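Chemist: Handing you a structure now.
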Amino acid sequence: MFSEKIRILRKETGLTQMGASEKIGISWRTYQDLEAGKKPSYDTMLKIADYFNVSVDWLMGRTENRKVQP
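Throughout, the numbering used here is defined as the position within the sequence shown, counted from one, plus 844.
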């Protein structure tokens, strides 16, 4: 589920895996592993949520609402 969501976000923004990894601030290999199904560290998950402006809960499949609730 997480891997699908980050793939969707990346494609919606028109980024390659390399481009997404650079924008997020993680290695390309790490990003590649995440899209292949590896579980992210909490720090990496926060970086991804911050860059794409989505909630961690949405990334983890705990809510259908993408946006961070105030």
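Just so it is clear, CB atoms sit at the ideal spot from N, CA and C, and this is done for glycine as well.
Computed from a predicted structure; not experimentally measured.
#1: Pick helix, strand or coil for A880, following the three-state DSSP scheme.
#2: Restricting to Cα atoms, I'd like to know which of Y895, V912, R906 and D901 is closest to L853.
#3: If contacts are defined as beta-carbon pairs under 8 Å, then M845 and G905 qualify, I think. What distance do you get, rounded to the angstrom?
#4: What does the Cβ neighbour count give for S865, buried or exposed, with the cut at 16 atoms within 10 Å?
#5: So what's V900 in DSSP terms, helix, strand or just coil?
Modeler: Judging by the given coordinates:
#1: coil
#2: Y895
#3: 5 Å
#4: buried
#5: helix
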